[in-house]
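Trainee: Let me begin by handing over the structure; questions about it come next.
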Amino acid sequence: MPQTPHVERHFRASESVRDVVIGMADGLTVPFALAAGLSGAVATTNVIVTAGLAEIAAGSIAMGLGGYLAARSDAEHYASERERERIEIGEKPAEEEAEVEQVFRGYGLTPEECAPIVERLRKRPDAWIDFMMRFELGLEKPNPKRARMSALTIASAYTVGGLVPLAPYFAFTGARAALSVSAIVTLAALCVFGYIKGRFTGTGPARSALQTMLIGGLAAGAAFAMARAVS
């Protein structure tokens, strides 16, 4: 009797989603707060649009650079720890073998069951180092393109997110009217963004949408209050 193939559906793009979340969340809240703060100081939208576009450009560059430097730091940390493990395996093999056994004993294996595994790893130094990096240090080998991808993803998400609350200021000439529409559009965008994020990550889409809208709305409100206080 033919069997249905077992297909495992695991989400494997958590780093990319994290970058989109970081960029989009800031892009939706910071430009909104700037535009909202300026809406109380000026009557027309020309100055607000100019300032908003400048903020989106500067913010996307800064956020992208931050993502790039963070990813580069992760890669450099991984490389330094891997070199340290290589030296320790060469200079202190007995201690490293004991650490391998300790890892497997944590999964319920006996010393007798661990012995052949340790012996196999001893004959494969690169695999041994990979094992120690993952199971002793909890470090995964970073994607060599991660830094560039992170920078582009965060910057792009920030730009897209920033244009959402700014869009009504292109359509209206009065700042107060644009602000009201911008607030509604920003909350709706946060809700949609949270729903999509929930679908991709496997969490409840409705819960994710509500959570993102509430947290993003509170952040935007707090930023708006500070911007208004300064202006």
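Counting in this note's numbering, the sequence shown runs from 181 upward without gaps. Just so it is clear, CB atoms sit at the ideal spot from N, CA and C, and this is done for glycine as well. Remember, it's a predicted structure, so these values are computed and weren't measured experimentally.
What residues in its chain sit with their C-beta under 8 Å from that of residue 208, if we drop five residues either side in the sequence?
Mentor: Counting only Cβ-Cβ distances below 8 Å, and skipping sequence neighbours, we find 341, 342, 344, 345, 366, 369, 370, 373, 396, 400.
Trainee: By Cβ distance below 7 Å, which residues in the same chain neighbour residue 316 in space, the five residues on each side in sequence not counted?
Mentor: If we look at residue 316 and ignore the five residues flanking it on each side, its Cβ neighbours are 279, 283.
Trainee: Please classify residue 296 as buried or exposed, where buried requires at least 16 neighbouring CB atoms within 10 angstroms.
Mentor: It is exposed - the Cβ of residue 296 has fewer than 16 other Cβ atoms within 10 Å.
Trainee: Could you give the residue range of the alpha helix (DSSP H) that holds residue 141?
Mentor: With the chain covering 181 to 411 only, the question about residue 141 has no answer from this structure.
Trainee: In this structure, does DSSP put residue 354 in helix, strand or coil?
Mentor: In this structure, residue 354 counts as strand in the three-state DSSP scheme.
Trainee: Counting pairs of beta carbons, one from the region 319 to 327 and one from the region 202 to 221, are three or more of them closer than 8 Å?
Mentor: With the cut-off at 8 Å, the region 319 to 327 and the region 202 to 221 do not touch.
Trainee: Since residue 300 is in the alpha helix (DSSP H), which residue starts that stretch and which ends it?
Mentor: 291 to 302 is the span of the alpha helix (DSSP H), which, as asked, contains residue 300.
Trainee: My understanding is that residue 347 touches residue 225, with C-beta atoms under 8 Å, so please give their C-beta distance in whole angstroms.
Mentor: Their Cβ separation, rounded to whole angstroms, is 11 Å, which puts residue 347 and residue 225 out of contact at 8 Å.
Trainee: Quick check: the Cα distance between residue 186 and residue 376, rounded to an integer number of angstroms?
Mentor: Residue placement at residue 186 is poorly supported in this model, since its pLDDT is 44, which falls under 50; the coordinates are not used for a value here.
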